[in-house]
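Residue numbers 98 to 1155, in this note's numbering, belong to the letters of the first sequence in order. Think of the CB as a built atom: it goes at the ideal place given N, C-alpha and C, for glycine as much as any other residue. Owing to the predicted nature of the structure, the values given are computational and were not obtained by experimental measurement. Below you'll find the structure, written out as structure tokens, and then a few comments.
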Amino acid sequence: MKEVTGSYNPREVEAGVQDYWKREKIYARVQELRKDGKAFFFVDGPPYTTGNIHLGTAWNKIIKDAILRYHRMQGRNIIERAGYDMHGLPIEVKVEHQLGFTSKKDIEEYGIAAFIEQCRTFAVTHMESMSDQFRQLGIWLDFDDPYQTIKPEYIESAWWAVQRAEERGLLERGHRVVNWCPRCETAIADSEVEYWDETDPSIFVKFPIAGRENEYLVIWTTTPWTLPANVAVAVNTAFTYARVAAKKDGHEEILWIADELVESVLKMGRYQDYTVLERVNGSDLVGTEYTSPLAGQVPHQAEIRHRVVAADYVALENTGLVHIAPGHGWDDYLVGIQEGLEVFCPVDAGGCFTPEAGAFADMYVRDANDLVIEALGDYLLARRTITHRYGHCWRCKTPIIYRATAQWFIKATEIRESMLEEITKVKWYPEWAGSARFHDFVKDSRDWCISRQRYWGIPIPIWQCEQCGKRTVIGTIAELEERSGVKVPDPHRPYVDEIVIPCACGGEMRRVADIFDVWFDSAVASWATLGFPRKREAFDRLWPADFITEGQDQTRGWFYSQLGASTVAFGRAPYKSVLMHGFALDAEGRKMSKSFGNVVTPEEVVNQFGVDVLRFYVLWANAPWDDLKFNWDSVKTIHRTLNILWNVYRFPLPYMILDSFEPAAGDGGRWDDSFVRAHIKDMPKEDRWIISRVNSLARTMAGDMQEYYLHKVTRALAAFILEDLSRWYVQLVRARMWLEEDSPEKRYAYETVYYVMRRLTALLAPFTPHIAEEIYRNLRLAGDPESVHMLDWPEADDLLIAPDLESAMEVIRSFDDAVATARQNGKRKLRWPVSETVVVTGSDEVKTALEGLNDLALNRANARAVRVVTGAWDRILWKAEPVMRAIGPEFGKEGPKVKALIESADGTTLKAAIERDGKAELDGYAITERHVTFTEALPEGVFAAPMKDATVYVDVTLTPALEAEGYAREVIRRIQEMRRQLDLNVDDFIVAAVNVDDERVASLISEEEWQKEIAGEVRAAALTVRHNGEKPAEPFALEKDWDVEGVQMQIGISRAGE
RNA sequence: GGGCCCGUAGCAUAGCAGGUGGUGCACCCGGCUGAUAACCGGGAGGUCGUGCGUUCGAAUCGCAUCGGGCCCA
């Protein structure tokens, strides 16, 4: 043990500890230590390798680290490989940006091989930087060998899964409407679409009904550019539609509009008058044929037989008739399939019209809106604009379009039931994350489009024969090499694109051009991290994962993609338990975003307050599943808490060292609790109490960790440090530390403090691994493990838990607070003793506690006596107040006289008489309880304050003896202060002289008893107390004038022998 | 538009198997001075988002509504 002089400097502590971990390879040794333990297979959700980590990423890893450290201390062998998600469009877009590219054409010209090298470099560089940042947060995952989605063995894990899908008939080539980014020229996942407001045209269009003169269906759309692809109009059979003769500027035309919407539509079209000719049910309209107003511009439109169809999703909005273009909308597409409509999509990958769009060919669709509107001519009924939420590509921010394309799908809808079933078998923290949130998401899930038309990703391992069309799905690189007869240098594009497999028909099979949706990469992490299918052993032993934890946004993300891929490949969920955590928000509860400028980085927090403070804060601030509202004040509070811990830790060290205290060692020079267990019966109550408390703490924490109540665990820790240790135990035990001679009391104090700190550091280790390690390193005995992280979790010791003592101590603490309040009311400082303190209570618990812990109560109250009184305390006086409402009517004009009598009577006597006899006589008048109320009147010098189930009365009246002690304490305090100013060691002796102006006070403290007391307390070899005495010949090292409660004193001190 | 979560003093948070709302920070006042660029006590501060309902009684249960978050459409 060495003394610690500095105050808590987190950055210094953390740098030292991390250096120690590195030097002594502590992480590896802890792994080694636990390798025979029961396995705990954890899968790290892979962060995407772009840029720096943010607060949410840090929170995520901190939760993981705290939980894994806890399980490790419980003896588990943790499989804890870190992982990174390194493919995908976000990186491609960043690299495109760096290279100044704007389209796929630029990439093709630059060369795919060179392009993906840039992507690879980008991903690897960022991965390394992120690992460094995580290491700095004290995260103990295996960052030296993380799983990386770009590695060949990882790519195989994905290939293998698709091969399973093919075997099970769950892989499908389908023509579907997908979210399409015209800039990136690829399909993008629903999860890659970001919504924000966009202003678009809002137009009402008349579709002429075939074979009718001047009669139209009125539809509404915000995407005029989809009109060239119109094939149908949908109505809802639950609505009534009106056939209206509408008049405008002398013309009349017949319009079909949902009955309830007629008024608003006609107003929009500025019609002056109308008549409803007939009303029909929606179903009566079904089958009605019409022609396209764009037949002149788009030749194919003239060939389509447009008709009215029924669809449930049509709402009573706008016109109640919906324009259907199966090539450009998901709902439209479904209606199209159902009705056997043509899927017409005259738009290319870049978002431009194809020649099929006739007059609009080559135009970018969003730019074509105005031309389409113009081309509608008289068929345009009304034109407005609308601001609505519209989807954009999450990477390049281009507005997306819906486009029917050929894509590869996993038929998630076919395995939906078994996915839902699997969800119920997983343990969810909290429960509703699975049973409600995730369940509802999966219930509504669609088939999963896994193909992307890009470059930096896992190539889809499907080879298709150019001649016969037969396809084959490759599961491993070895299989590919065997079947192609070619060595595969890198399973990425463009290398795999060149590999040809001979087909049985004599033709050549070539790879389909697509790569995987990047979500498919991480979906296979649970087996990829174990090297499966290349390696089998670990997979057979460990899979599925015991535990994963990610943010609530991963419900649709990683929780889902993993479940989907695993249900396809293995027919079961790849995880046994899932903790869903919240999102990191700013103090106002808003999302942190760069454009708001409200982003707080983990780095900022760490630079100011250190890693442990950040860690403790994010775990402590709220329940894991609630959103974290970041708050600097709270961070400061946590800093203060750890600072107090630090002070508590270092305060006994100088005394221990001075006394050469050696904690009792157990077997092999290893510390254990045998001393405490052997002596607990003899130890002072406060020692037994704090020992009980720290064991209770361990018990509560273990219970809460079962449910991953990280906030409760850290709050319990903070409360223990602040309330139990610092504010209470340390205050009680200080005096024993200062004892000169060796004594059992002092030894017990040392052993107790040591015991508590050893247990506490272990309890803190998962949450604040650095400060716990730092303290542990200084306290550990020679035979102890080198790191606090090698210890087992301290199980609560039932034999040392004393519930009665804990509750009795609660009473004393409440008493202590009340005494302080009463003294404050009586303006009597705690340093000044008081004669008597009385507790009036009806509670047995209070009585028992104060009697059982009377020494403690005396000490805390600084009183000559602490007494418990049940019922009434005889020194309480009562003041009688007349109740005129009762006196007036009864005594009539005698009333004022009675009032005066009551007011001047002795309330205490009056109350006693009424209580005894039911009435009292005052000058012949019978007074009963009706006529008078009593209020408590405290005797001179007595002050009261409430405590739990009791009232405390403190008599602050001074006597010469009390005064003598009070002044003596004042002198002691001043001399101590002067010792401090001289920077003396605690064991230095001094010589001192006190000169008191006031003769009476001088004589009080000159009494032998107090002079001895003062000399002893301040370690004075010589002490003189004088009244207006002459100054000593020798000047003192330090002389000061003091005003002590109005009494002037001159005090001088010097170090003895100087 | 739908699902889930959250909404308690200036800020953050506990209480939510219903029975007179706790705690921390900040604030004001005071104490302590052998943890001291620390520590401790006291005080003030609340329509428990809003409305309706169930109940003898609701922060706690139900419905509606508003605000925030994540996700979906």
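Residues of its chain near residue i, where Cβ-Cβ distance is below 8 Å and the 5 sequence neighbours each way are ignored
| i | result |
| --- | --- |
| F538 | T652, R653 and Y657 |
| R402 | E386 |
| A286 | N276, C546, D614 and W616 |
| Q1078 | L1135 |
Spatial neighbours of residue i in its chain, beta-carbon cut-off 6 Å, leaving aside the 5 residues before and after
| i | result |
| --- | --- |
| I236 | K158 and D162 |
| E933 | A962 and D1052 |
| A479 | F301, M365 and G366 |
| W743 | Y105 |
| T283 | R549, Q550 and R551 |
| W491 | E289 and E291 |
| E375 | R340 |
| D894 | N792 |
| H1124 | V1093, E1096 and A1099 |
| G1149 | A1090, F1133 and E1136 |
Rounded Cβ spacing between residue i and residue j (contact assumed at less than 8 Å)
| i | j | result |
| --- | --- | --- |
| P863 | M170 | 7 Å |
| S619 | T246 | 7 Å |
| V315 | T416 | 5 Å |
| G661 | I612 | No, G661 and I612 are not in contact; Cβ-Cβ is about 18 Å, not under 8 Å. |
| P721 | I150 | Contact flag wrong, Cβ pair sits at about 18 Å. |
| K809 | D801 | 4 Å |
| E111 | H736 | About 13 Å separates the two Cβ atoms, so there is no contact after all. |
| P671 | S623 | 4 Å |
| L807 | L860 | Between L860 and L807 the Cβ distance is about 13 Å, and since that is not below 8 Å, they are no contact. |
Residue i, enclosing alpha helix (DSSP H) - first and last residue
| i | result |
| --- | --- |
| I175 | No alpha helix (DSSP H) holds I175; the beta strand (DSSP E) holding it covers N174 to I176. |
| S1157 | This structure cannot settle anything about residue 1157, because the visible part of the chain is limited to 98 through 1155. |
| N922 | P900 to N922 |
| P298 | No alpha helix (DSSP H) holds P298; the beta strand (DSSP E) holding it covers V290 to P305. |
Test item: CB-CB of residue i and residue j under 8 Å
| i | j | result |
| --- | --- | --- |
| V935 | R964 | yes |
| T849 | I788 | yes |
| S884 | M1044 | no |
| A681 | W156 | yes |
| R607 | V593 | no |
| R1076 | V1115 | yes |
| S940 | A1047 | yes |
| D1084 | L755 | yes |
| H886 | I123 | yes |
| T938 | T967 | yes |
| G448 | Y461 | yes |
| I1102 | A1065 | yes |
| I1072 | A1089 | yes |
Residue i Cβ short of 7 Å to the ligand MN heavy atom set
| i | result |
| --- | --- |
| V1091 | The ligand MN is absent from the structure shown, which contains no ligand whatsoever. |
Delimiting residues of the beta strand (DSSP E) encompassing residue i
| i | result |
| --- | --- |
| R340 | T337 to K345 |
| L314 | E312 to T318 |
| A501 | I498 to I507 |
| A1134 | No beta strand (DSSP E) holds A1134; DSSP gives it neither H nor E. |
| L478 | L477 to C490 |
| C281 | Segment: none, C281 is in no beta strand (DSSP E) and carries neither H nor E. |
| K524 | K524 to Y526 |
| A862 | No beta strand (DSSP E) holds A862; DSSP gives it neither H nor E. |
Own chain residues within Cβ distance below 7 Å of residue i, not counting five before or after
| i | result |
| --- | --- |
| G1104 | Looking at the sequence itself, residue 1104 is Glu, so the reference to Gly does not match. Counting only Cβ-Cβ distances below 7 Å, and skipping sequence neighbours, we find A1061. |
| V621 | S254, A255, A258 and A662 |
| A458 | F450, T451 and P452 |
| Y251 | Y244, Q245 and A625 |
Using 8 Å as the Cβ pair cut-off and three pairs as the minimum, do the region 915 to 933 and the region 1052 to 1066 touch? Taking 8 Å as the limit for Cβ pairs, the verdict is that the region 1052 to 1066 does touch the region 915 to 933.
At least three beta-carbon pairs within less than 8 Å, the region 327 to 337 to the region 409 to 426: The region 327 to 337, when compared against the region 409 to 426, does touch it at the 8 Å Cβ threshold.
Specify whether the region 539 to 558 and the region 290 to 308 touch according to this definition: at least 3 beta carbon pairs, one from each stretch, less than 8 Å apart. No, the region 539 to 558 is not in contact with the region 290 to 308.
Three or more C-beta pairs closer than 8 Å, one from the region 1057 to 1073 and one from the region 1025 to 1039: is that the case here? Here the region 1057 to 1073 makes no contact with the region 1025 to 1039; the two share fewer than three CB pairs at distances below 8 Å.
Any contact between the region 836 to 847 and the region 711 to 720? By contact I mean 3 or more CB pairs, one from each, below 8 Å. The region 836 to 847 makes no contact with the region 711 to 720; the number of CB pairs closer than 8 Å stays below 3.
Do the region 208 to 216 and the region 631 to 640 touch if we need at least three Cβ pairs shorter than 8 Å? As far as the Cβ criterion goes, the region 208 to 216 does not touch the region 631 to 640, which means the pair count is below three.
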